[in-house]
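Asks:
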Amino acid sequence: MTIRFPVEARSRLRETAQTYAREVRSFSPVSRNFLIASSLGGINAGVSSVLLNLYILSLGNAEGYLGRLLSLGSLGAATGALVGAQIADRWSSWVALMLGTVVAGSGLLIVLVPGLDLFLPVGTFLGGLGAVTVYLAVPPFLASHSEPSNRPYLFGIAGASYVVSTAIGSILGGFLPAILRDAFPGTYQPDIYRLSLAFGIACSAIGVPFIWRARPTGSGSRGNDDNGSDHPPESRMAGIPIALDKVSWASVIRDPIVRRTLARFVLTDGLIRLGGNLIVPFFSVYFVRELGASEAWFGTLRVVERSIEVIAMLAIAPVAARFGPVATIALSQLASVPMLLGLGFAPNLGVASGIFLIRGTLMEMTVPLRDNFMMDRLPPGSRATVSAAVLLFGYAIAFFSVRVGGQMVQSGHRDYTYMIAGALYTSSAVLFFRLFRDQSPEKSQVA
142 MTIRFPVEAR
152 SRLRETAQTY
162 AREVRSFSPV
172 SRNFLIASSL
182 GGINAGVSSV
192 LLNLYILSLG
202 NAEGYLGRLL
212 SLGSLGAATG
222 ALVGAQIADR
232 WSSWVALMLG
242 TVVAGSGLLI
252 VLVPGLDLFL
262 PVGTFLGGLG
272 AVTVYLAVPP
282 FLASHSEPSN
292 RPYLFGIAGA
302 SYVVSTAIGS
312 ILGGFLPAIL
322 RDAFPGTYQP
332 DIYRLSLAFG
342 IACSAIGVPF
352 IWRARPTGSG
362 SRGNDDNGSD
372 HPPESRMAGI
382 PIALDKVSWA
392 SVIRDPIVRR
402 TLARFVLTDG
412 LIRLGGNLIV
422 PFFSVYFVRE
432 LGASEAWFGT
442 LRVVERSIEV
452 IAMLAIAPVA
462 ARFGPVATIA
472 LSQLASVPML
482 LGLGFAPNLG
492 VASGIFLIRG
502 TLMEMTVPLR
512 DNFMMDRLPP
522 GSRATVSAAV
532 LLFGYAIAFF
542 SVRVGGQMVQ
552 SGHRDYTYMI
562 AGALYTSSAV
572 LFFRLFRDQS
582 PEKSQVA
């Protein structure tokens, strides 16, 4: 029997594909170079997501130490939220992208160098600092190199391409250890993990020239500015230094509208951070050490998850256009809570794997939508700074949360971490809907 899609469904699918193709062709060369660099960095992130925690444990450390170490990554991330936003808002998001990439790569290299195990905290701190500096720079960078008409599509494509690349990295991270064990029999497990993680670093290094090529070109040292304009502002035309046409933390906080918006994002994001860091950093440990999965199994699982997320990310834009971003974000987060609890109490590896795919998709598919929603609600000059403040509070919470999570797992109380996380996710979704449902972006005094 032949299954045929309804004519209307085929028409909508064709129309959506044509729309995406048209908008992608309109992306600037700067945006395209960024997408290439981001994808190469995503491969590194995918490899690390599968193997980095297992590498740390293979050195003879326990889950409690892993939690404390990851909390230093959160501390580095909080530091990145402080300095990264200032770099992005004052000297351009491109500068923040380049510096963040170099710092993050240096941190991972320190973690992997044999004989420098005592420097694990330093490398973890630098990795968090650099990663958040890059993360903060991406939304204003994309916003400043796109038009309002194609901006949602650029954010969506950027998110989807990063997901695809991390999926590739995840499957590489899953299979590289087995390949290296066969190629170099008798090699110690930490060295197997080191070599696998080094491959990811090499991919990220290849992306650095593309970040360099993604530097804005135009009349000034930065070309297109971070205000979303393709034309240099009058201050730059008059030769005023670039730092003077940006805002400071103090000026952002003084603005009542920006301050109110910031408080709402801090609250809703903070609850997610508090719950998520109890469990998410330990997923690879849970699957490999408790459920008996191999690295290849978990890596493949991450690939399937990422593949589903790509489709979901591309499909979420028209859904949000119909139902609104607030309802779409809140409902997807609420729907993930039963999956989260099912994952924590799964009876076997097969059930846990299936639930893992659904939970991850529901939480991750709205990330580009959430980023775009925040950018739309903020004046251009405060976008990176407010994003930094949200991350700063979030990582301050994560500093303690991941420590608690690691200690609870080591003490045999993993089940409680999932129950607490589910309650916090639910609270965040309800508050997000209540705080943002009736509000359109307000006009701020910060330009």
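To get my numbering, take the position in the sequence shown, counting from 1, and add 141.
Think of the CB as a built atom: it goes at the ideal place given N, C-alpha and C, for glycine as much as any other residue.
Would DSSP call G315 helix, strand or coil?
Replies: Mapped onto the sequence shown, residue 315 falls at position 174. Of the three classes helix, strand and coil, the one that applies to G315 here is helix, per DSSP.
Asks: Starting from the C-beta of T502, find all residues in its chain whose C-beta is less than 6 Å away, skip the five residues before and the five after it, and write them out in chain order.
Replies: For this step, residue 502 is matched to residue 361 along the sequence shown. Excluding residues within five positions, the ones whose Cβ falls inside 6 Å are I449, E450 and A453.
Asks: By the DSSP assignment, the alpha helix (DSSP H) with P459 in it spans what residues?
Replies: The count along the sequence shown starts at 1 and reaches residue 459 at position 318. Where P459 is concerned, the enclosing alpha helix (DSSP H) stretches over E436 to F464.
Asks: How about the segment 327-344 and the segment 469-477: do they share at least three Cβ pairs that are nearer than 8 Å?
Replies: no
Asks: Quick check on E288: does DSSP put it in helix, strand or coil?
Replies: Numbered from its first residue, the sequence shown carries residue 288 at position 147. In the structure shown, E288 sits in coil (DSSP, three-state: anything other than H, G, I, E or B).
Asks: Relative to the C-alpha of R544, which candidate in V531, T558, N185 and A245 has its C-alpha closest?
Replies: Along the sequence shown, one-based indexing puts residue 544 at 403. Considering only alpha carbons, the answer is T558.
Asks: By Cβ distance below 6 Å, which residues in the same chain neighbour E436 in space, the five residues on each side in sequence not counted?
Replies: Numbered from its first residue, the sequence shown carries residue 436 at position 295. The residues are G315 and P318.
Asks: Could you check whether V399 and L250 sit closer than 8 Å to each other, using their CB atoms as the reference points?
Replies: Translated into the one-based positions of the sequence shown, residue 250 becomes position 109. Translated into the one-based positions of the sequence shown, residue 399 becomes position 258. Cβ distance not < 8 Å, so L250 and V399 don't count as in contact.
Asks: Taking the alpha helix (DSSP H) that M516 falls in, what are its first and last residues?
Replies: Residue mapping note: residue 516 aligns to position 375 of the sequence shown, counting from 1. Segment V508 to D517, the alpha helix (DSSP H) holding M516.
Asks: On the three-state DSSP scale, how would you describe G433?
Replies: Residue mapping note: residue 433 aligns to position 292 of the sequence shown, counting from 1. Of the three classes helix, strand and coil, the one that applies to G433 here is coil, per DSSP.
Asks: Kindly indicate the opening and closing residues of the alpha helix (DSSP H) around F406.
Replies: As a working mapping, residue 406 is identified with position 265 in the sequence shown. Counting along the chain, the alpha helix (DSSP H) containing F406 begins and ends at P397 to I420.
Asks: Could you compute how far the alpha carbon of L408 sits from the alpha carbon of L207?
Replies: Taking the first residue of the sequence shown as position 1, residue 408 is located at position 267. Taking the first residue of the sequence shown as position 1, residue 207 is located at position 66. Roughly 27 Å between the two C-alpha positions.
Asks: Grouping DSSP H, G and I as helix and E and B as strand, with all else coil, what is F486?
Replies: Taking the sequence shown and counting its residues from 1, the one referred to as residue 486 is at position 345. Of the three classes helix, strand and coil, the one that applies to F486 here is coil, per DSSP.
Asks: So, using beta-carbon positions, are I342 and G246 closer together than 8 Å?
Replies: Sequence index remark: in the sequence shown, residue 342 carries index 201 (1-based). Sequence index remark: in the sequence shown, residue 246 carries index 105 (1-based). Against a cut-off of 8 Å, the Cβ pair of G246 and I342 comes out as a contact.
Asks: What distance in whole Å lies between the Cβ atoms of L283 and L295, which are believed to be in contact at a cut-off of 8 Å?
Replies: The sequence position of residue 295 within the sequence shown is 154, counting from 1. The sequence position of residue 283 within the sequence shown is 142, counting from 1. Indeed they touch by this definition, with Cβ atoms about 5 Å apart.
Asks: I'd like to check one pair, L481 with G553: are the Cβ atoms closer than 8 Å?
Replies: By one-based count along the sequence shown, residue 553 stands at place 412. By one-based count along the sequence shown, residue 481 stands at place 340. In this structure, L481 does not lie closer than 8 Å to G553 by Cβ.
Asks: Identify whether R354 lies in helix, strand or coil by the three-state DSSP scheme.
Replies: To locate residue 354, count along the sequence shown from 1; it is residue 213. Three-state DSSP puts R354 in a helix.
Asks: Helix, strand or coil: which one does DSSP assign to A203?
Replies: Taking the sequence shown and counting its residues from 1, one reaches residue 203 at position 62. Of the three classes helix, strand and coil, the one that applies to A203 here is coil, per DSSP.
Asks: To the nearest angstrom, report how far apart I333 and E156 are at their CA atoms.
Replies: Position 192 of the sequence shown holds residue 333. Position 15 of the sequence shown holds residue 156. Approximately 48 Å, taken between the alpha carbons.
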